[in-house]
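These notes concern the structure reproduced below.
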Amino acid sequence: MLYLRLLVWVSVVLSLPQGRCVCFFPGELQGVWHTQVTGHIGDGRRVTRSPITYQELTIHSDTILQWGSCHQRLDDYILLTDRSGSTLCYRCIQLEVVTPQVVQVWSTGLQTCYTTEAAALRTCPTPAHLAAHTAAHLMLYKSKTTWGEDAITTVDCPLNGRFTFTYQVGDARRGKTGLENSCDQPTSEFSNCPHGFGFSITYRDCTFPTPRNGSLQCLGSWVGHDRHNYLAVLDSSVKIGSYVPRYKCGMFREEAGTGRVFVAFSEDSTCTNGLYSPTDGYETYVLTSVPPPPLPPDVTSSSCTFPRSLRGHWHHTYVADDTVVFKDYHNYRTYTARCVRDLDDGEHYIVFTRTHCGEWNYNCLWLKRRSANVLEFMLGLYPRETFDTNLCEPDKFGDMTSWTTQGKSLLEEPTTCPIVGNYAGVLPDAPGYCAQLYSDCETPQLMYYTVSDCRNTTYVYEQREYQCLGQWEEEGRVYALTYRRDIHTYECFVGLIRTGGVVFIKEAGARCSRGIQPEVLGMKLYRKESCAVEDLTSEVNQSSQRSPERSSATRPPWLRTTKPWKPITARPGHRGSGCKGLFASHHHCIFTLIVALIASTLNII
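Taking mature numbering (1 follows the signal peptide of the UniProt record, and there is no 0), I'd label the letters of the sequence shown as residues -15 to -1, 1 to 590.
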């Protein structure tokens, strides 16, 4: 199959006219997407109760089939060229991947195409357009890969546990006359049990025939430009062309201290029509958490607490005085662990755990602070229904591959990256392409990664920026957790630092996977320039300690995770990509496209 795909790609590339080169869309954007095409009127309501229809939008490495080809990338903006008419024209859009399965598109008018680049660039949506809601807003929901494979994957829901709820559907702004149906008694049930990646809903005592059951698969959640929390769900029971949306977008807000959650959905698959706030939408739910049963006496009477240095918000973990809340993304469960006994070694604690669905047991929680901004933890493999002092014995844990790695949400201090200076090497899976990993000596907590043509390093195809959160050494290898600032993800690297300025480095996923041999499978980098501090080992040790001066805290959003070293996305220069100013030869463009597509295929398989 791989060879067939490559043969198709080579045929397509060879058919390009001489002198033509293309920019690329990143791997997160490539695939088949659904976007709603039902017409609306100005106040955000549909003209009639016509069926909701969707258009398939296909994004390849260099083309959005229905909108045009990628001509140039300028930060978050993309300049498209449309050759479908009698003349070549341009349009500017902004694409934002908010979850792996949801993309937002902004434009000041997709229907208008401009004859010059300058005219199109003047129409790029600005933050002012987004704030004033004057830019057209489209939602894209991923359906398939570019090869026709199902692209809908399981992700954790943003709301966990069991709830009762009241419900209204209709235009509540018109009063009771605008409501279509309601469930006024708090007897209906809402939960993400037993599977944390979907909501199960049972309607009771409503104005429509009940009981009625439904389910929604979570597609992800994100923080919008208006600072509201958004979520997207899929109702797989709805067929395309129905009068109700198959894809739904909503807002939610958890009310602190009350156990109540407000959820509102729009009337269709947009995030705008009939949706104004978490309490004001076409569909509104008021969820009330079902209280869990009382804790056992030996748990409530315990005075055990976790170290003060561990407390606070981590990536998907919260540590309080005597409680840790964390997510298990393998089994899609959220755990609440209550401290029962401190084993006085600063790392091991016997805890009483309860999942978001109510399952409980006693277990051992192993907490290990790797640096000021990095925490790792591991649960024992053999939980019990009764308290047991042997739960923390070494044989009760898995091997060192079982760690869960978390970065601090509010960074406590800047952390020096393990690689300081300027290093360069060749991509191990794409010969002919060179990588450069470097840091600014004045801001050693930031690390930059670029991919360029080895024959001409001025052709920069990929640029990434990482913020180093912390690193530590195990079995002679250095592990470094970073926050990728361009797509808001946490990524881990494992490296081997040799004398003479040689470094081997390999991605280790978001969980800092062990057992990886960077000297065998990783990229070999050579130091080209160094900063004043050349003792990298001392930097690693130094960065694991708290510094006396603390920088202003930054809080990265909790979003999706991806692997580093994505397909080459052709970003020449510092701000944009495309052919303008490159004067690339036909053969150079063919080589560039083939390597990028090979990398894309290797990433897929």
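All residues carry an ideal CB built from backbone N, CA and C; glycine is no exception.
If I measure Cβ to Cβ from Q391 and keep anything under 6 Å in the same chain, skipping five residues before and after, which residues do I get? Along the sequence shown, read from residue 1 onward, the residue named residue 391 stands at position 406. Non-local beta-carbon contacts of Q391 in its own chain, meaning distances under 6 Å to residues more than five positions away in sequence, involve W299, H300, T302, L360 in chain order.
Nearest to F489 by CA position, among C453, C497, R512, is which residue? For the purposes of this step, residue 489 is taken as the residue at position 504 of the sequence shown. Per the Cα distances, R512.
As an exercise, report each continuous beta strand (DSSP E) stretch of at least 3 residues that is fully enclosed by the segment 283 to 356, in chain order. The qualifying runs are 302 to 304, 308 to 313, 318 to 327, 333 to 340, 345 to 356.
How many Å lie between L73 and A420 at the Cα? Looking up residue 73 in the sequence shown gives position 88. Looking up residue 420 in the sequence shown gives position 435. Cα to Cα, the separation comes out at about 35 Å.
Closest by C-alpha distance to T338, when choosing among C191, I78, N346: For the purposes of this step, residue 338 is identified with residue 353 of the sequence shown, where counting begins at 1. Nearest C-alpha to T338: N346.
Taking the CB atoms as reference points, tell me whether R469 and Y451 lie closer together than 8 Å. Position 484 of the sequence shown, counted from the first residue, corresponds to residue 469. Position 466 of the sequence shown, counted from the first residue, corresponds to residue 451. At a Cβ-Cβ threshold of 8 Å, R469 and Y451 count as neighbours.
Counted within 10 angstroms of its Cβ, other Cβ atoms place E174 as buried (16 or more) or exposed: Position 189 of the sequence shown, counted from the start, is the residue given in the question as residue 174. E174 should be labelled buried.
Burial state of H56 (16 or more Cβ within 10 Å): Reading the sequence shown from its first residue, position 71 is the one you call residue 56. Label assigned to H56: buried.
Are C324 and T290 touching if we call contact CB-CB under 8 Å? What you label residue 324 is simply residue 339 of the sequence shown in a count that begins at 1. What you label residue 290 is simply residue 305 of the sequence shown in a count that begins at 1. In this structure, T290 lies closer than 8 Å to C324 by Cβ.
With DSSP collapsed to three states, give me the class of E447. Locating residue 447 in the sequence shown gives position 462, where the first residue counts as 1. Strand, per DSSP.
In angstroms with no decimal places, state the Cα-to-Cα distance between E378 and Y320. Translated into the one-based positions of the sequence shown, residue 378 becomes position 393. Translated into the one-based positions of the sequence shown, residue 320 becomes position 335. Each residue's Cα considered, the two are about 21 Å apart.
Starting from the N-terminal side, write out each stretch of the beta strand (DSSP E) that is 3 residues or longer and does not extend beyond the segment 99 to 143. 121 to 129
Close Cβ partners of D190 (< 8 Å) along its chain, the five nearest in sequence each way excluded: Walking along the sequence shown from the start, residue 190 turns up at place 205. For D190, where only same-chain residues beyond five positions count, the Cβ hits under 8 Å are C168, D169, Q170, T172, S173.
Compute the Euclidean distance between the alpha carbons of L295 and G406, then round it to the nearest angstrom. Here residue 295 is taken as the residue at index 310 of the sequence shown, counted from 1. Here residue 406 is taken as the residue at index 421 of the sequence shown, counted from 1. The alpha-carbon atoms of L295 and G406 are separated by roughly 31 Å.
Straight-line Cα distance separating P277 from A121: The residue labelled residue 121 in the question sits at position 136 within the sequence shown. The residue labelled residue 277 in the question sits at position 292 within the sequence shown. Going by the C-alpha atoms only, they are around 45 Å apart.
Here's a check: name, in chain order, each residue in its chain whose Cβ is nearer than 6 Å to the Cβ of V310, leaving out the five neighbours to either side. The residue you call residue 310 lines up with position 325 of the sequence shown. Only Y303, T321 meet the Cβ criterion.
Would the segment 230 to 247 count as touching the segment 208 to 222 if we require 3 or more Cβ pairs under 8 Å? yes
Using CA atoms only, rank isn't needed, just tell me which of D425, S394, C453, Y446 is closest to C402. On the sequence shown, residue 402 is found 417 positions in, with the first residue counted as 1. If we check each option's Cα against that of C402, C453 comes out closest.
With H, G and I counted as helix, E and B as strand and the rest as coil, what does DSSP make of T273? Within the sequence shown, residue 273 is the residue found at index 288, counting from 1. Strand at T273.
Residue environment, Y228, which counts as buried when at least 16 other CB atoms sit within 10 Å: If you number the sequence shown from 1, residue 228 lands on position 243. By the neighbour-count rule (16 or more Cβ atoms within 10 Å), Y228 is not buried but exposed.
Backbone CA spacing between V275 and R147 [nearest angstrom]: Stepping through the sequence shown from its first residue, residue 275 is reached at position 290. Stepping through the sequence shown from its first residue, residue 147 is reached at position 162. V275 and R147: Cα-Cα distance of roughly 6 Å.
Length-filtered (3 minimum) beta strand (DSSP E) runs lying within the segment 187 to 227: 197 to 208, 214 to 219
Could you give the uninterrupted runs of the beta strand (DSSP E) lying entirely in the segment 490 to 520, keeping only those of 3 residues or more? 508 to 514
Using 10 angstroms around the beta-carbon of F250, count the other beta-carbons present and answer buried if the total reaches 16, otherwise exposed. Your numbering for residue 250 matches position 265 in the sequence shown. Classification of F250: buried, given that the 10 Å Cβ count is 16 or more.
Check each candidate in H210, P196, P143 and name the one with the smallest Cα separation from G183. As a working note, residue 183 is residue 198 in the sequence shown. Closest option to G183, Cα to Cα, is P143.
With the cut-off set at 8 Å, would you say Q86 and H45 are in Cβ contact? Counted from its first residue, the sequence shown places residue 86 at position 101. Counted from its first residue, the sequence shown places residue 45 at position 60. No, Cβ-Cβ distance for Q86 and H45 is not below 8 Å.
So within the segment 55 to 80, which uninterrupted alpha helix (DSSP H) runs reach at least 4 residues, ignoring any that extend past its ends? none
Can you tell me which residues form a DSSP beta bridge with residue 673? No answer is possible for residue 673: it lies beyond the span of the chain, which begins at -15 and ends at 590.
Cβ-based neighbour list, K312, same chain, cut-off 7 Å, excluding 5 preceding and 5 following: In the sequence shown, the residue the question calls residue 312 occupies position 327. Hits under 7 Å: D141, H301, T319.
Sheet register partners of A420 (DSSP bridge): The residue labelled residue 420 in the question sits at position 435 within the sequence shown. Looking at the DSSP assignment, A420 forms a beta bridge with G410, V436.
Of the choices K509, T371, V88, C178, whose alpha-carbon is the least far from that of G485? Counting from one through the sequence shown, the residue named residue 485 turns up at place 500. The shortest Cα separation from G485 among K509, T371, V88, C178 belongs to K509.
First and last residue of the uninterrupted beta strand (DSSP E) at L260: Here residue 260 is taken as the residue at index 275 of the sequence shown, counted from 1. 260 to 262 is the extent of the beta strand (DSSP E) around L260.
Examine the Cβ distances between the segment 111 to 130 and the segment 80 to 94 and report whether three or more of them are shorter than 8 Å. yes
Taking the alpha-carbon of H473 as reference, which of G455, Y334, A495 has the nearest alpha-carbon? Indexing the sequence shown from 1 puts residue 473 at position 488. The candidate whose alpha carbon is nearest that of H473 is A495.
Exposed unless 16 or more other CB atoms sit within 10 angstroms - verdict on S286: Locating residue 286 in the sequence shown gives position 301, counting from the first residue. By the neighbour-count rule (16 or more Cβ atoms within 10 Å), S286 is not buried but exposed.
State buried or exposed for K393, treating a residue as buried only when at least 16 other CB atoms are found within 10 Å of its CB. Residue 393 sits at position 408 when you count from the first residue of the sequence shown. The residue in question, K393, is buried, as its Cβ has 16 or more Cβ neighbours within 10 Å.
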